[in-house]
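Following: one structure in structure tokens, then a few remarks.
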Amino acid sequence: MTATQKRIIINRLALAFSTLSAVIALAFLFWILAVLVMKGVDALNWNIFIYEGSPPGYEDSGLKHALIGQLILVGLATLIGVPLGIMAGTYLSEYGKSSNLAHVIRDISDIMMSAPSIVIGAFVYAIVVMPMGHFSAWAGAIALAIIMIPIILRTTDDMLQLVPGTLREAAFALGAPKYKVILDVVYRGAKAGILTGVLLGIARVAGETAPLLFTSFNDNFFTTDLNEAMPSLTVTMFNYAISPYDDWQQLGWAAAFILSMFILGLNILGRLILLAGKRK
Amino acid sequence: MIDKIFLNMTRTSALLILFIVAWIFVVLFDHSTEAMRTFGFDFITKDEWAPNVDKFGAYAAIFGSVASTFLAMLLAIPVAIGVAIFLSEIAHDKIKGIFGVSVELLAAIPSVIYGMWGLFFFVPILRDIFGGMGIGLMAAGIVLAIMILPFMAAVTRDAMNTTPDILKESAYALGGTQWDVIKDVIIPYAKAGIIGSLILALGRAIGETMAVTFVMGNVHHTPRSIMDPTTSIPVTLANEFTEADSSLYFSSLFGLALTLLVMSFVVIAVAKFYFLRKVRKGQ
Amino acid sequence: MASIIDIKEECALNVRDFEFTYKGASAPSLKKVTMPIAKNSVTALIGPSGCGKTTLLRSFNRMHDLYPGNTYNGEIEFEGRNILGAKEDLIHLRTKIGMIFQKPTAFPMSIFDNVAYGMRLQGIKNKTELNDRVEKALQDAALWKEVKDRLKNDANGLSGGQQQRLCIARAIAVEPEVLLFDEPTSALDPISTQGIEKLVIELKERVSIIIVTHNMQQAARVSDYTGFMYLGELIELGHTEELFVTPKEKLTQEYITGKFG
């Protein structure tokens, strides 16, 4: 066998291995996805949206409490995290640029993006839950916002930097003050990118369970009181799944399905907006 | 005037990040001093975790975190590199697009769902094959590997894709096969990026809570075999934080959180600053 | 109609009625190109960008096959066979027809390993043989004196001109019959360019050379034959001095006098 023949055989084997690992990976991920869809669709019905939680064994039990709680928590986190993230990103791109301070902030923020979310939960427990004396929606929302800020900061910084400098100069040349240039020209140029960043940030925190476990905690009943413990889809899912009751486990899968669809939807929407923005 | 206000608002927001990070360290440190003072180094070297007698040694949890992450990396790295090669070099454009996007979307699925799948569908299989409970280090490692795989494959693919076409073509022009080009040109060229991406995935795996909480067992014993139930730092925190009933117990849990934060900070910083910084400079 | 010179000497390659269509394109990028390539001489391909000169060059070593969906038609004859056949052994073909790119493409490995790469692919493991042939190739590429003391160093530490000569050494180390140059000096400074041009002229004693260039002076300096291409067609092929002084086609004249391009 010549060296070239040997190389050709090794090539085939290596490529076959790569393809095989792709198939294996896909098979596992498909398996999980199939379980999620089948279990989820199976457990889905209108009652889920109408009724709140109830002790195991009751007919009229649903996830209304967790759905609304989830929306409140994520909405509140968005209200806190998005403005802060966008403003911080604006500072980095428009004022800090490549100064040492800006680099340090970028680096620290990047590390924060991958920091364990349960640690954020412990931190918020110490600074919010302990002084208040009880779990609260505020605590949960603050934990999620802390996770969200670095994501929004990063995309805002990146997207604003993509806006051509000549555009800024043109606006300055017309005598506009810097904040006007940023608000009217730079933000407008980076609109699609920033929006995508916000959507991906929301999607990311919407799937978080760990930081909520001991901040917003959980509740089996509907509440809108931000000063009290608040149910969320993720924690409800966790509690129901580890419970020994069949109907609770069913509800857990329904929650998993609804939440996944929501998150996938946000991700796809974000990508579409970015694509549409690029096409222009 | 408004210009000044705007500048100050944005600068304050940016500085807030630094402030929060520093604050996290200070708070966790502050709350864990009681445990550190009581146990000293025993906190990380002893594995007796007995809330009823106020004894807390985190060794089992630290070991469980390291071992489950190591196992997950061992399983996920070869597959992720294989998938990345498939996505960047083998697949046709259409498959590349579809498969590539679905890998990225799978990376967005909440990790708690991987945990549920593990508990209800994968653990029973392990139980059937190996006997015992099925729950334990092995189950945690595998579920963690599957959870981290999409992210790992996506970032590794991105690193490989930085290789310029012209460099690959030069190797083909000398009579190289696809595999020759991959192993001699693409992997050496993208080495720093690939390693950085893998370590970044490791950083994520070590802090992952929900994927493993279901399947690890939450038993404070250093496992004797790979099938033994054990615990990890995030698993302990998730299970016990709301049950802690003494200040020493709390302090020990904060000590665990601090340990985890330091571990993941170091890992991520190495990935970012040592490996991925080189990549940025290289381009 | 195209005016193609009749080459009396032996030909390294013979292109006949060659058509090439990129994936998904409605019209071919190369239309019925017929072109003899003389052996042991330098043939330059010139023409405005998009005329198909690089596309033609990349057909000689079937580089287009790396991207599926492109189609070849017609014939390119090399060593007595049509290399466009489905059964053509591309690995073997590419060891016979080497290529130098627009930018230096030093692999991420040492200088020595770069030059030895093609030989190692062919299974040459003998240390003395590798050492001898690497030295020979580097000498032929006029690089030996500059790098002989640092063969183990990373090739990316060399200057752009040195890297391009390293790529030439790497290509000639496997002793090809034909060398394809795709605008080899477009990323280099004038002095490095001079060095590469000198090398091209020296190398033609051993290999047949085809060089794509956007620089007409370069074509005039290095080549024996020049082909002018326009919109996917070969408009004129002639002796270089004749083509630049007394072009037969009106389009060629307009191009070399700078009326377009």
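Residue numbers (our numbering), protein chains in the order written: chain A, 1 to 280; chain B, 1001 to 1283; chain C, 2001 to 2261. Heads up, the beta-carbon is just placed ideally off N, CA and C, and yes, glycines get one too. Computed from a prediction, not measured in an experiment: that's the story for all the values here.
- Message: Distance cutoff 8 Å, beta carbons only. Does residue 2095(C) sit that close to anything in chain B?
- Response: Judged by the 8 Å Cβ criterion, residue 2095(C) is in contact with chain B.
- Can you tell me where the beta strand (DSSP E) with residue 2016(C) in it begins and where it stops? DSSP places residue 2016(C) inside the beta strand (DSSP E), whose first and last residues are 2011 to 2021.
- If residue 2200(C) and residue 2176(C) are in contact, beta carbons under 8 Å, what's the gap, nearest whole angstrom? Residue 2200(C) to residue 2176(C), Cβ: 14 Å. No contact.
- Item | Per-residue contacts from residue 2121(C) into chain A (C-beta, under 8 Å) | Under the 8 Å cutoff, chain A gives 3, 4 and 7.
- Message: Is there a C-beta anywhere in chain A that falls below 8 Å from the one on residue 2091(C)?
- Response: Yes, because at least one Cβ of chain A sits closer than 8 Å to the Cβ of residue 2091(C).
- Query: How many angstroms separate the CA atom of residue 1268(B) from the CA atom of residue 2155(C)?
  - Reply: Those two C-alpha atoms are separated by around 31 Å.
- Give every residue of the same chain whose Cβ lies closer than 7 Å to the Cβ of residue 2007(C), excluding the five residues on either side of it in the sequence, and list them in chain order. Result list for residue 2007(C): 2036 and 2038, in chain order.
- Query: By a C-beta neighbour count over all protein chains shown, 10 Å radius and 16 as the cutoff for buried, is residue 1110(B) buried or exposed?
  - Reply: With at least 16 other beta carbons inside 10 angstroms of its own, residue 1110(B) counts as buried.
- Task: Please confirm if residue 2047(C) has its CB atom under 8 Å from at least one CB of chain A.
- Result: Residue 2047(C) does not count as touching chain A.
- Apart from the five residues on each side of it in sequence, which residues of its chain come closer than 7 Å, Cβ to Cβ, to residue 198(A)? Result list for residue 198(A): 82 and 152, in chain order.
- Query: Going along the chain, which residues of its own chain have a beta-carbon closer than 6 Å to the beta-carbon of residue 2068(C), five neighbours each way excluded?
  - Reply: So no residue of the chain qualifies.
- Mind checking who residue 2208(C) pairs with in its DSSP beta bridge? For residue 2208(C), which the question treats as bridged, DSSP gives the partners 2178(C).
- Message: Output needed in chain order: residues of the stretch 164 to 184 of chain A with a Cβ under 7 Å from some Cβ in chain B.
- Response: For the stretch 164 to 184 of chain A, the residues whose beta carbon sits under 7 Å from a beta carbon of chain B are, in order, 177, 178 and 179.
- Query: How about residue 2234(C) and residue 2002(C): are their beta carbons less than 8 Å apart?
  - Reply: With respect to the 8 Å criterion, residue 2234(C) and residue 2002(C) are classified as neighbours on the basis of their beta carbons.
- Item | Outcome for residue 1117(B) when other beta-carbon atoms lying within 10 angstroms are tallied against a minimum of 16 | By the 10 Å Cβ count, residue 1117(B) comes out buried.
- Between 1274(B), 1254(B), 1039(B) and 1032(B), which lies nearest to residue 1194(B) when the distance is taken from Cα to Cα? Comparing Cα positions, the closest option is 1274(B).
- Message: Can you confirm whether the stretch 1219 to 1235 of chain B touches the stretch 1012 to 1020 of chain B when touching is taken to mean that 3 or more C-beta pairs between the two stretches lie within less than 8 Å?
- Response: Fewer than three pairs of CB atoms, one per stretch, sit closer than 8 Å, so the stretch 1012 to 1020 of chain B makes no contact with the stretch 1219 to 1235 of chain B.
- Anything in the stretch 1098 to 1115 of chain B with a Cβ closer than 9 Å to a Cβ of chain A? List those residues in chain order, please. The stretch 1098 to 1115 of chain B vs chain A, Cβ under 9 Å: 1099, 1101, 1102, 1103, 1104, 1105, 1106, 1108, 1109, 1110, 1111, 1112, 1113, 1114 and 1115.
- Message: Residues of chain B with CB closer than 9 Å to the CB of residue 2170(C), please, in chain order.
- Response: For the C-beta of residue 2170(C), the chain B residues within less than 9 Å are, from N- to C-terminus, 1170 and 1174.
- Task: For residue 2143(C), go through chain B and note every residue whose CB falls closer than 7 Å to its CB, in chain order.
- Result: Under the 7 Å cutoff, chain B gives no residues; its nearest Cβ is about 17 Å from residue 2143(C).
- Buried or exposed by the 16-neighbour rule on C-beta atoms within 10 Å, applied to residue 1260(B): Buried, by the Cβ-count rule.
- Could you confirm whether any beta carbon from chain C is found closer than 8 Å to the beta carbon of residue 1177(B)? At least one chain C Cβ lies under 8 Å of residue 1177(B).
- Name, please, each residue of chain B whose Cβ falls closer than 7 Å to the Cβ of residue 90(A). Those within 7 Å of residue 90(A) in chain B are 1010.
- Proximal residues of chain A, C-beta to C-beta of residue 1156(B) below 8 Å: Per Cβ cutoff of 8 Å: no residues; residue 1156(B) is ~12 Å from chain A at best.
- Between residue 2186(C) and the rest of its own chain, which residues show a CB-CB distance below 6 Å, the 5 nearest in sequence each way excluded? Within the same chain, residue 2186(C) has close Cβ partners 2102.
- Query: Are the C-beta atoms of residue 196(A) and some chain B residue less than 8 Å apart?
  - Reply: Not an interface residue.
- Cβ of residue 15(A) less than 8 Å from any chain C Cβ? Not closer than 8 Å to any Cβ of chain C, the Cβ of residue 15(A) fails to qualify, so no.
- Listing by chain order, which chain B residues have their CB less than 9 Å from the CB of residue 267(A)? Going along chain B in sequence order, the residues near residue 267(A) (Cβ under 9 Å) are 1104, 1105 and 1108.
- Query: Candidates 2146(C), 2174(C) and 2131(C): which alpha carbon is nearest residue 2122(C)'s?
  - Reply: Of the candidates 2146(C), 2174(C) and 2131(C), the residue whose Cα lies closest to the Cα of residue 2122(C) is 2174(C).
- Query: Interface residues of chain A around residue 1150(B) at Cβ under 9 Å?
  - Reply: Neighbours of residue 1150(B) on chain A, chain order: 25 and 29.
- Using three-state DSSP, classify residue 2126(C) as helix, strand or coil. It is coil, neither helix nor strand.
- Query: If we ignore side chains and look at the alpha-carbon of each, how far apart do residue 1075(B) and residue 1258(B) end up?
  - Reply: Distance between the alpha carbons of residue 1075(B) and residue 1258(B) is about 28 Å.
- Query: Grouping DSSP H, G and I as helix and E and B as strand, with all else coil, what is residue 2246(C)?
  - Reply: Residue state, collapsed to three classes: coil.
- Looking at C-alpha atoms only, which residue of 1188(B), 1208(B), 1240(B) and 1160(B) is the closest neighbour of residue 1219(B)? Taking only the C-alpha atoms, the option nearest residue 1219(B) is 1240(B).
- Message: On the DSSP letters alone, give me the boundaries of the beta strand (DSSP E) that residue 1997(C) sits inside.
- Response: The first residue shown for chain C is 2001 and the last is 2261, placing residue 1997(C) beyond what the model contains.
- Interface residues of the stretch 2034 to 2067 of chain C facing chain B [CB-CB below 7 Å]: If the cut-off is 7 Å between Cβ atoms, the stretch 2034 to 2067 of chain C has 2061, 2063 and 2066 near chain B.
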